[in-house]
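What follows is one structure encoded as C-alpha cells, with my remarks underneath.
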Amino acid sequence: STYISSVYFDNQNAGYASAIGVVLFIIIAVVTGLMNKGLDKLGWES
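Under my numbering, the letters of the sequence shown match residues 966 to 1011, in that order.
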C-alpha cells in the first residue's frame, strides 16, 4: 500500500488516491453488510 500511495503522491494525484480508498471502503462495508444479512437469514451469528 505504501508503494501505491507513494506513486500517487509523487504524481500529485493525492485526491485520486483518496477517492479510491473511499470507494474501496464503501464496497467492503456494503459486502460486509450483505454478508451479515445473509447470515442472519440463515440463523447464524454474525
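Cβ coordinates follow ideal geometry from the N, Cα and C atoms, glycine included.
The structure presented is a predicted model; accordingly, all values stated were derived computationally and were not measured.
| query | result |
| --- | --- |
| So, with DSSP's three-state summary, where would you put Leu-1007? | coil |
| Val-988 to Lys-1002, Cα distance in whole Å? | 21 Å |
| Distance, Cα to Cα, Ala-984 vs Ile-993? | 14 Å |
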